[in-house]
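Number of protein chains: 2
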Amino acid sequence: MLRDPEASPLSIELIVVTPHEFSKAHIALISCRSFQSLDYDNIENHLFLEEERRMGHMSFRCLEISRWVICGLIGVLTGLIACFIDIVVEKLAGVKYVVVKKSIDKNTEIGGMCISLILWAALNSAFVMVGAIIVAFFEPIAAGSGIPQIKCYLNGVKVPRVVRLKTLMVKVCGVICSVAGGLAVGKEGPMIHSGAVVAAGVSQGRSTSLKKDFKIFEYFRRDTEKRDFVSAGAAAGVSAAFGAPVGGVLFSLEEGASFWNQLLTWRIFFASMISTFTLNFVLSIYHKKTGELSSPGLINFGSFDLKYNIYEIPLFIVMGAIAYGCVNQMVSRRYVHRPCLQVMEAMLVAAVTATVSFAMIYFSNDCQPLETQKSSEDYSLQVPQSFLLNWFPVRVEHSILSPPEHVAVFQGFCADGEYSAMATAFFNTPERSVRSLFHSPAGTYKLETLGCFTLVYFFLACWTYGLTVSAGVFIPSLLIGAAWGRLFGIMLPYIALNPSVTGKDAYQHSRFYFAGGIVRMTLSLTVILVEATGNVTYGLPIMLVLMTAKIVGDYFIEGLYDVHIKLQSVPFLHWDAPATSHSLTAREVMSSPVTCFNRVEKVGTIVDVLSNTSTNHNGFPVIIQTAPGKLCGLILRSQLIVLLKHKVFVERARSRLRQRKLQLKDFRDAYPRFPPIQSIHVSQDERECMMDLTEFMNPTPYTVPQDTSLPRVFKLFRALGLRHLVVVDDDNRVIGLVTRKDLARYHLGKHGLEELHLAHT
Amino acid sequence: MLRDPEASPLSIELIVVTPHEFSKAHIALISCRSFQSLDYDNIENHLFLEEERRMGHMSFRCLEISRWVICGLIGVLTGLIACFIDIVVEKLAGVKYVVVKKSIDKNTEIGGMCISLILWAALNSAFVMVGAIIVAFFEPIAAGSGIPQIKCYLNGVKVPRVVRLKTLMVKVCGVICSVAGGLAVGKEGPMIHSGAVVAAGVSQGRSTSLKKDFKIFEYFRRDTEKRDFVSAGAAAGVSAAFGAPVGGVLFSLEEGASFWNQLLTWRIFFASMISTFTLNFVLSIYHKKTGELSSPGLINFGSFDLKYNIYEIPLFIVMGAIAYGCVNQMVSRRYVHRPCLQVMEAMLVAAVTATVSFAMIYFSNDCQPLETQKSSEDYSLQVPQSFLLNWFPVRVEHSILSPPEHVAVFQGFCADGEYSAMATAFFNTPERSVRSLFHSPAGTYKLETLGCFTLVYFFLACWTYGLTVSAGVFIPSLLIGAAWGRLFGIMLPYIALNPSVTGKDAYQHSRFYFAGGIVRMTLSLTVILVEATGNVTYGLPIMLVLMTAKIVGDYFIEGLYDVHIKLQSVPFLHWDAPATSHSLTAREVMSSPVTCFNRVEKVGTIVDVLSNTSTNHNGFPVIIQTAPGKLCGLILRSQLIVLLKHKVFVERARSRLRQRKLQLKDFRDAYPRFPPIQSIHVSQDERECMMDLTEFMNPTPYTVPQDTSLPRVFKLFRALGLRHLVVVDDDNRVIGLVTRKDLARYHLGKHGLEELHLAHT
C-alpha cells in the first residue's frame, strides 16, 4: 500500500483482527504497524496569525455561519443516505421474498422443499458475496460498523482512508448487501461511519478522490476544524440510525470531544436534528404519508406504556449481571486474512443462516392462534387478515408499507388461522424481530422456541461479527438481549418463590441490557434507547441494567484485556493516565534524543531527515543556532514537505527569482494528503540551499519541564488534543519530545503499571 | 464581612443586582468587588507526589469506590431534600387554604369578602416575610435560584459562602416560605443549588460550620476533586427537580466540566439516578403507594400523546421568535439593598399577588361547565365530584393526595356544576397550572381569560424575580410560556388564512419555548423537557422552538450585553476567547511585574507580601536565587499561610527543635477556609528566619512563552482549569502571570475587541 499518498512512507498493513467492537480492548480492531496522529492543536505560525489578524469581526461571523451551513448539509446528506439504505434494503428484500415465495408455492405441491431452501440460501449468499467482495477487495476499512475507526479518529489517531468517499460508497453498498442477504446484522452502526465520512467531505468543500475543488470552506482545511465536523457527522449518523438526536450528541461527546464547547455542541445538535428530520420527512413521502413525522430513525421500537415497580429493580440488576457472562463468549476471533477466503466465509455464513432458520421453522411446531395476537392490549394488530396467511407475502407487503407500529406475524408452516412464533422471530429483519419480542403479549412465545432462538441466534451473531462485511452489531445484540429478557421473564415464575412477581411483570423491562453489555458506550446508549423507545419512564430500569452490565463488564474485561494486550497496538488515549503513574516523569516517558532543526536549516539535512524511514518523525522542534538546543518553535513534516515542494529557499528569494510568497492556502490545498518525501525531487544544487523556517513553524509550542509527572503531561496532552509536546530543561533547551505513543503505552495491569509494546508512530 | 475567614483580606461586598438568571449577561447576579478563583489544577508538589507514589493499586481502587459512594450519598440526600421541600410546601399550603376557606365560608354569608382577602394576603405575606428575613439577614447568597452562583463555582470563580451548610438551610427554608407564600416562583431552581451544597459537604467528610470532622474522604479536600462532586450535586439537583437524570448530567457538563471525563460523567449520572430514585421512592411511600415509581421529579407534566405535522414547524419557529421580544422586558432590575426594605418589598409583592389573583377571579366570569372537562379525551378527570364544589377544599385535598395525572379545577365564584377557568389558572401552584394549561382540552380557556392571565402573571413574575427570596424562575417562565402558547393557538384561527391549521393543532406543541427564551441553557433544557414530558416525539418541536428562541435571543442579548457591560464584573470565562483576539499576545495580556519569591525566602518578606492588601496576590512564582528570574515553581497564598502557621522555618529544623514534618494532611485540614494572614502572629525574631519552599511549591507549573496568542493562552487556561499561568521568556525567566481576570476582561463588542473593567482578583 505504498502507493497510497496519505499513508506514511512506512508500509501500512491493515489487518482486521478482532470481530468484537466498542469496548476498550476492541480498539485494536484496526491493527496497523504504523499509525499517524492527527493534529488537533492549531499551528499558530506567522501565516496563520497574520490571516487571523487580517480577518475582521464580520469574517468570523461568516465563518460561524458557514459552520452552521455545513452542519445542516451534513445532517441532510446523512439523513438521505439513511433513507437510501433503508429503501434499497426493503426493495431488495422484497424482490428476494417474492422469488422464494413463488418457489415455495410451486414446490410445496410437489414436495420439494429442498429446492426452495437452496434457492433461498443461494440468493442470500449472492447478496452477501457482493457485499463481501467490495469490502475485501476494494476497501477493507469499510468492514464492520466503522465505529471503532471513528472512535480512533476522534481520539486523534489517523486511521488511513477512513473518511474517504470510496470508503463511504463501499460501506453503503456493503451494508445493503449484508442486510438484504439475511445476515444477523444491523444497518444502524454503519450510519455513524457514513455520517462521519459525509462530514469530512462536506466540510472540506472538495473531494480529493474526485479531484473536484469547490473553493469553499478553505478555512476548515485542518485537523482541528475537521474533527469538529466529523463529530457532528457521527452524531448525525447516530441520530439518523436511532432517531435519537440527543443520544447522537452524547455519543460524539463521549467518544470525541475531550474539550466540551457549548457552541460546538449546539452545532452537533443541529446536525443531528436535521438528520433525523430529513430521514423522517423523506420516509414519510416514500410511505405516501407526506408530512407525518412519525419515524424519526431507522429503527423504531414502537411505544411502550408500562409502569414498573420498585421490587423489580433487583431483577433488572440480576439480569444485567447474568447477561455479561455471555458477552465474554462473543469474543470469537477470526484469522482469515486473504480476501478470497473472507468472501467465501461470508457466503458460507449467509447460507448457514438461511439453512438454520429454515430448519428451525420447519421443525418447530410452536403454532399460536392468531386470536391471542389480536386480543392483545399492548399492541393492536392493524394488518389486514389477508396479509397474515403466509409469511412471505406479508414480509413483502409489510416491509414496503412499513407502518412503524406494526409487527408482522408469519404463518410459516402452521395451519390457517395460526402463525408460527419461530417464523416470526426468524424471518423478520432484526429490527422487526426486536419489536415483536418487545410488544407481543405474554404467551406469544413458548419457552422452548425462545430458548432455541436465543441460542441459535447468539451463535449466528457471534459468527457473523467477524465477517468482512459492512454491518452493525447493535441490533443483533439488542435482539439477543430482548430474547434473553423475555426468556428470563418466562422462566421467572418457575424459579421465583415470590408468586407476586409474575413473568409478565419481570420481562417487560429488562430487554435492553444485552446491548449495553456488548456496546458499553452506556451513557449515550441510555439516551438512545430512551429516545428510541419513546418513553422516559423506562430510563431508570435501562440505566440500572446498563450500569450493572458495565460494572460486571469492567470486571470481566480486565481478564480479556490481558489476553489482548499485544493486539492493542493502537495508540489510543484513554480519559486519564493510569492511577499509579505519578512515579513517572516526562523525562522517563519522552522520546529522546530528538531530531531538531535550526531556524535556518540546510535543505539537504531536511530532506535526509524526512527520508529516514527508520525514524519517520512527524514533528521537529526548531532551535536557535546561536544558543545550542534552545527551543524556538515546532514544525511538522507536512509543513516541511509543502515548503520543499514549493522550493521556499533563502537563496531563491535572494536571487530575486520573483517567487510568490507562500501562503496558508498552499498548505490548505495540500491538506490532508501531503505527498510523501520520495515524490519531491530535490537536486544536488538545491540540497546546498538554506530554508528559513521562522515564518512557518509554530513559535509557541506547548512545553513541559522534564520533572512533570505523567498524569500532568497526559492531562495537557489529552485536554488540548496535542500531537507533540516538547520537553525542555530549566534553560528552555529541548531534551525530548512526548508523542501519543509515549503516553498510550502505559497501562494499569494486574501487577501495577505495565508498559505496552505499541506500533511505531 | 471581614470576619469571614474564607473571604480574602479585601472586604467583599455582596450585592444582589440583577433579577434575571442564567443567560450570559446574568452571571453578574452576584457582583463582588473582589473575587477569588478556584484552583482546578492539582498542586503537584513533592508532598503530593510522594503520597501518590506511596499509594498502591488498591488504594486507588478504594478511592474510586469512595467516589461512587459519595455520589450515591449525594443523590440520596438531594432526593431527600427535594422530598422535604415538596411535602412541607404541600402541608403548609394545605393549612393556609383550610384557614382561608373557613373564613370565606363564614364571610360569604355576611358579605364580607374583604376580610377573607385580607386574611389571605396577610398569611401569604407572613410566609414570605419569614422567607425574606432569613435570606436578607442571615445569608444573602441564598437569594434567587442559586444557579448563577453554581455556574460561577463550576467555572472556577469562588463565590464566598456559596456551598456552606448555612446557605443550604436558608435556601431550603426560604424556598418553602416563598412557594407556600403564593409567590410566582418555582421550587425547582433552588434544588440545583441545594444539591451542590450537599455535594460540597458530603465529599469533604466534615462540616466546617459544625466543627465536625469525620476523618473520612480526606483525599478529596481540594478544589479539583470538590468541583467534580459539586457537578454531581448540581446534576442530582436537576434530576430531583425535573425527574430528568440525563438532563442533569447535561446541565453539569454544559455549565461546569470543560474537560469531559467518561468516568466522571458516569458518576454524575449515578448521583442523578439515585437522586430521582430516592425522591420517587419516598414520595411513593408518602402518597401511600409504596413502590410505585411514577413521580420521578418535583414537577410532572403528565404524559402527552400527540403527533405533530411538518406544516406546524414554521409555526413553532414563529412562536419562538415572537416569544423573545417579551424576554427583554423581563430584565427589570432592582436596587433595593437594605435588608429591611428587601423584606418589606417581598411582603408587598406577596400581598399584591394575593390581591390581584383574588380580584381577577372575582371579576372574571369565565365559567366553564364541568362537563367539557369530563368529556375530554386527552385527559380523564379522576377527582370525585364532591372535591370540585369549591376550589379551596379541592386545593387542600388535592395537594396532599397529589395524584400526578390529575389537574384540579376550581369552582371559584361560579355556579355549582361549573368551574372558574381563571381560578384554575391562578390558584394552582405554578406546577399545577402548567399541567392544566398543557392538558385541558381546547375551549377550556377563553381568549380574554388567557390573555389577562398571561399579562398579569407576566408582570407579577417580573416583579417577583428580583426579590430577596429563594426561588426558581423555571416554572413561572414555563407557565407564562404555556399560557402564551395556548393564547397563540386560540388566536391562530382568527389570524391564519389557512383554515386547515386549527387552533387546537397549533397550540398543542408550542408551549415550551418561553422557558427556553429566558433560561437559555438549551441543550440540557431540551433533554429536561423531553424527560419531564415523558414523550420523545416532542423532541423536535421543542428543539426547534428552543433553537429559535436562542437565535433570536442571541440577537437581542447583544444589545442587552452592551447595556450591562459594566455590571458584568465577575471574571467568568466563556468557552472560547473572542474571535478577533489573535492580535493579542500573552505579553500584552499578563499582569506584570510579578511578585516572586526565592526558593529559600525570608519570612519577613513573605509576611509583608501577603499582608499587602493593595496587591492581594494569590499565586507567586518561585525563582532560583542564583539565576535571576529563572522560574522553578509556583506557590499559593494558601500554602504559604499554612507554612507560616506551622512555622516551617529553616532555622527551626536546624536548631533541632524536634519539629514534625509538615504533611499534606495539614494543608487538607486547613482547606478550604485558610486563615487570613492577619490572624497569624509572626514575631520580630521569626521575621528574620528563612523558609524553604522547595517541598511545597508546584515545581512544574504550566508556562507559556510571551509571544503566545490570547486564544492559545485561553484554551490552555480553560481546558486545564488553571488559576495562574506563568509567562516566561526564552531563558525561562518569569516575566508575567496570567490570571482569570486577565483573560475574562476581553470581550467582543460591537466595535471589535473591547476591554472590560473587571473586579480585582
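In order, the protein sequence lines correspond to chains A and V.
Residue 1 is where the first sequence starts when you use the working numbering, and the numbers rise one by one after that.
Residue 762 is where the second sequence starts when you use the working numbering, and the numbers rise one by one after that.
Note that CB positions come from ideal geometry on N, CA and C, so glycine has one too.
All values reported here derive from a predicted model rather than from experimental measurement.
Can you give me the C-alpha to C-alpha distance between V:Leu939 and V:His1508, rounded to a whole angstrom?
Here residue 939 of chain V is taken as the residue at index 178 of the second sequence, counted from 1. Here residue 1508 of chain V is taken as the residue at index 747 of the second sequence, counted from 1. For the sequence presented, residue 939 of chain V should be read as Ser rather than Leu. Taking the straight line from one Cα to the other gives about 37 Å.
Contact criterion: CB-CB distance below 8 Å. Does A:Asn261 meet it with respect to chain V?
Residue numbering aside, residue 261 of chain A sits at position 261 when the first sequence is read from its first letter. Residue contact with chain V for A:Asn261: present (Cβ-Cβ distance below 8 Å to some residue of chain V).
What residues from chain V crowd round A:Pro699, counting only those whose CB sits closer than 9 Å?
Numbered from 1 along the first sequence, position 699 holds the residue referred to as residue 699 of chain A. Think of a sphere of 9 Å around the beta carbon of A:Pro699: the chain V residues whose beta carbon falls inside it are Pro1466, Asp1468 and Thr1469, in chain order.
Identify the contact partners of A:Asn45 in chain V, using a Cβ-Cβ distance below 9 Å as the criterion.
The count along the first sequence starts at 1 and reaches residue 45 of chain A at position 45. Under the 9 Å cutoff, chain V gives no residues; its nearest Cβ is about 11 Å from A:Asn45.
By how many angstroms is the C-alpha of A:Ala241 removed from the C-alpha of V:Asp984?
On the second sequence, residue 984 of chain V is found 223 positions in, with the first residue counted as 1. On the first sequence, residue 241 of chain A is found 241 positions in, with the first residue counted as 1. So the alpha carbons of these two residues sit roughly 41 Å apart.
Span of the beta strand (DSSP E) holding A:Phe620?
Sequence index remark: in the first sequence, residue 620 of chain A carries index 620 (1-based). Residues Gly619 to Ile623.
Span of the alpha helix (DSSP H) around V:Lys1363:
Looking up residue 1363 of chain V in the second sequence gives position 602. Residue range Val1361 to Lys1363 is occupied by the beta strand (DSSP E) that includes V:Lys1363, with no alpha helix (DSSP H) assigned at that position.
Once you ignore the five residues that flank V:Asn868 on each side, which residues in its own chain have a CB closer than 6 Å to its CB?
As a first step, residue 868 of chain V must be located in the second sequence, where it is residue number 107. Taken in chain order, the residues that qualify are Ile876 and Ser877.
Sequence-distant residues of its chain with Cβ nearer than 8 Å to V:Leu1395 (five each side left out):
Here residue 1395 of chain V corresponds to residue number 634 of the second sequence, with the count starting at 1. Same-chain partners within the cutoff: Gly1380, Phe1381, Pro1382, Val1383, Met1458, Asn1459, Pro1462, His1485 and Val1487.
I'd like to know whether the C-beta atoms of V:Val959 and V:Gly994 end up nearer to each other than 8 Å.
The residue you call residue 959 of chain V lines up with position 198 of the second sequence. The residue you call residue 994 of chain V lines up with position 233 of the second sequence. Contact check for V:Val959 against V:Gly994 passes: the beta carbons are separated by less than 8 Å.
Quick one: what does DSSP say V:Asp1540 is sitting in, helix, strand or coil?
Residue 1540 of chain V lies beyond the stretch modelled for chain V, which goes from 762 to 1522, so this question has no answer here.
At the 8 Å Cβ level, is V:Thr1341 part of the contact set with chain C, yes or no?
The structure shown contains no chain C; the protein chains it does contain are A and V.
Count the other CB atoms, across all protein chains shown, that sit within 10 Å of the CB of A:Lys151; report buried if there are 16 or more and exposed otherwise.
Within the first sequence, the letter at position 151 stands for residue 151 of chain A. It is buried - the Cβ of A:Lys151 has at least 16 other Cβ atoms within 10 Å.
Have a look at A:Gln36 and A:Val159 and give me their C-alpha separation to the nearest angstrom.
Position 36 of the first sequence, counted from the first residue, corresponds to residue 36 of chain A. Position 159 of the first sequence, counted from the first residue, corresponds to residue 159 of chain A. A straight line joining the alpha-carbon of A:Gln36 with that of A:Val159 spans about 8 Å.
Taking Cβ to Cβ, would you say A:Glu255 is nearer than 8 Å to A:Leu154?
Here residue 255 of chain A refers to the residue found at position 255 when the first sequence is read from its first residue. Here residue 154 of chain A refers to the residue found at position 154 when the first sequence is read from its first residue. Cβ atoms of A:Glu255 and A:Leu154: closer than 8 Å.
Skipping 5 residues on each side, what residues in its chain have a beta carbon closer than 6 Å to that of A:Val682?
In the first sequence, residue 682 of chain A corresponds to position 682, counting from 1. Around A:Val682: Val607.
Could you say if the region 893 to 903 of chain V and the region 928 to 937 of chain V meet the contact criterion of at least three C-beta pairs nearer than 8 Å?
The region 893 to 903 of chain V, when compared against the region 928 to 937 of chain V, does touch it at the 8 Å Cβ threshold.
For a test of the three-state rule: what should DSSP assign to A:Leu92, helix, strand or coil?
In the first sequence, the residue the question calls residue 92 of chain A occupies position 92. A:Leu92 falls in the helix class under three-state DSSP.
Best match in V:Leu880, V:Thr839, V:Ala843 and V:Ser1342 for proximity to V:Tyr858 [C-alpha to C-alpha]
Position 97 of the second sequence, counted from the first residue, corresponds to residue 858 of chain V. A check of alpha carbon separations from V:Tyr858 across V:Leu880, V:Thr839, V:Ala843 and V:Ser1342 identifies V:Leu880 as the nearest.
For V:Lys912, would you say it is in contact with chain A, using Cβ-to-Cβ distances shorter than 8 Å as the test?
If you number the second sequence from 1, residue 912 of chain V lands on position 151. No, V:Lys912 lies away from the interface with chain A (no Cβ there is under 8 Å from its Cβ).
So is V:Phe821 in contact with chain A if we call contact Cβ pairs under 8 Å?
Sequence index remark: in the second sequence, residue 821 of chain V carries index 60 (1-based). Taking a beta-carbon distance threshold of 8 Å, V:Phe821 counts as an interface residue toward chain A.
Paired residues, beta bridge with A:Ser709 - DSSP:
Looking up residue 709 of chain A in the first sequence gives position 709. Looking at the DSSP assignment, A:Ser709 forms a beta bridge with A:Thr585.
A:Gly472 and A:Ser145: beta carbons closer than 8 Å?
For the purposes of this step, residue 472 of chain A is identified with residue 472 of the first sequence, where counting begins at 1. For the purposes of this step, residue 145 of chain A is identified with residue 145 of the first sequence, where counting begins at 1. Yes, the Cβ-Cβ distance between A:Gly472 and A:Ser145 is below 8 Å.
If you count every other CB in all the chains shown that lies within 10 Å of the CB of A:Leu210, and 16 or more means buried, which is it?
Taking the first residue of the first sequence as position 1, residue 210 of chain A is located at position 210. Exposed.
Pull up the distance between the alpha-carbon of V:Leu771 and that of V:Arg1434, whole angstroms please.
Numbered from 1 along the second sequence, position 10 holds the residue referred to as residue 771 of chain V. Numbered from 1 along the second sequence, position 673 holds the residue referred to as residue 1434 of chain V. The predicted model places V:Leu771 with a pLDDT of 27, which falls under 50 and marks its position as unreliable, so this point remains unresolved.
Rounded to whole angstroms, what is the Cα-Cα separation between V:Pro951 and V:Leu926?
By 1-based counting over the second sequence, the position of residue 951 of chain V is 190. By 1-based counting over the second sequence, the position of residue 926 of chain V is 165. Roughly 14 Å separates the two Cα atoms.
Please state whether DSSP places A:Gly724 in a helix, a strand or coil.
Within the first sequence, the letter at position 724 stands for residue 724 of chain A. In the sequence as presented, Gly is not what sits at residue 724 of chain A; that position holds His. Three-state DSSP puts A:His724 in a strand.
Assigned exposure category for A:Glu64 - 16 Cβ within 10 Å defines buried
Here residue 64 of chain A refers to the residue found at position 64 of the first sequence. With a 10 Å radius around the Cβ and a threshold of 16 neighbouring Cβ atoms, A:Glu64 comes out exposed.
Would A:Asn732 count as contacting chain V if we go by Cβ distances under 8 Å?
For this step, residue 732 of chain A is matched to residue 732 along the first sequence. Yes, A:Asn732 lies at the interface with chain V (some Cβ there is under 8 Å from its Cβ).
Taking the beta carbon of V:Leu1504 as the centre, do at least 16 other beta carbons fall within 10 Å, making it buried, or is it exposed?
Working through the second sequence from its first residue, we reach residue 1504 of chain V at position 743. Looking at its Cβ environment, which holds 16 or more other Cβ atoms inside 10 Å, V:Leu1504 is buried.
Does the beta-carbon of V:Leu1401 have 16 or more other beta-carbons within 10 angstroms, so that it is buried, or is it exposed?
The sequence position of residue 1401 of chain V within the second sequence is 640, counting from 1. In this structure V:Leu1401 is buried. Its beta-carbon is surrounded by 16 or more other beta-carbon atoms within 10 angstroms.
Looking only at its own chain, which residues have a Cβ that is under 7 Å from the Cβ of A:Trp68, when we skip the five neighbours before and after it?
In the first sequence, the residue the question calls residue 68 of chain A occupies position 68. Arg267 and Phe270, listed in sequence order.
Going along chain A in order, which residues have a C-beta closer than 8 Å to the C-beta of V:His818?
As a working note, residue 818 of chain V is residue 57 in the second sequence. Result: Ala579, Thr580, Leu748 and Gly752.
Three or more C-beta pairs under 8 Å: does that hold for the region 339 to 359 of chain A against the region 452 to 463 of chain A?
Touching, yes, given that three or more Cβ pairs across the two stretches are closer than 8 Å.
Quick one: using the 10 Å Cβ neighbour count with 16 as the cut-off for buried, is A:Glu44 buried or exposed?
Your numbering for residue 44 of chain A matches position 44 in the first sequence. A:Glu44 should be labelled buried.
Can the beta-carbon of V:Ala883 be found less than 8 Å from the beta-carbon of V:Ala1107?
Working through the second sequence from its first residue, we reach residue 883 of chain V at position 122. Working through the second sequence from its first residue, we reach residue 1107 of chain V at position 346. Using a Cβ distance threshold of 8 Å, V:Ala883 and V:Ala1107 do not count as a contacting pair.
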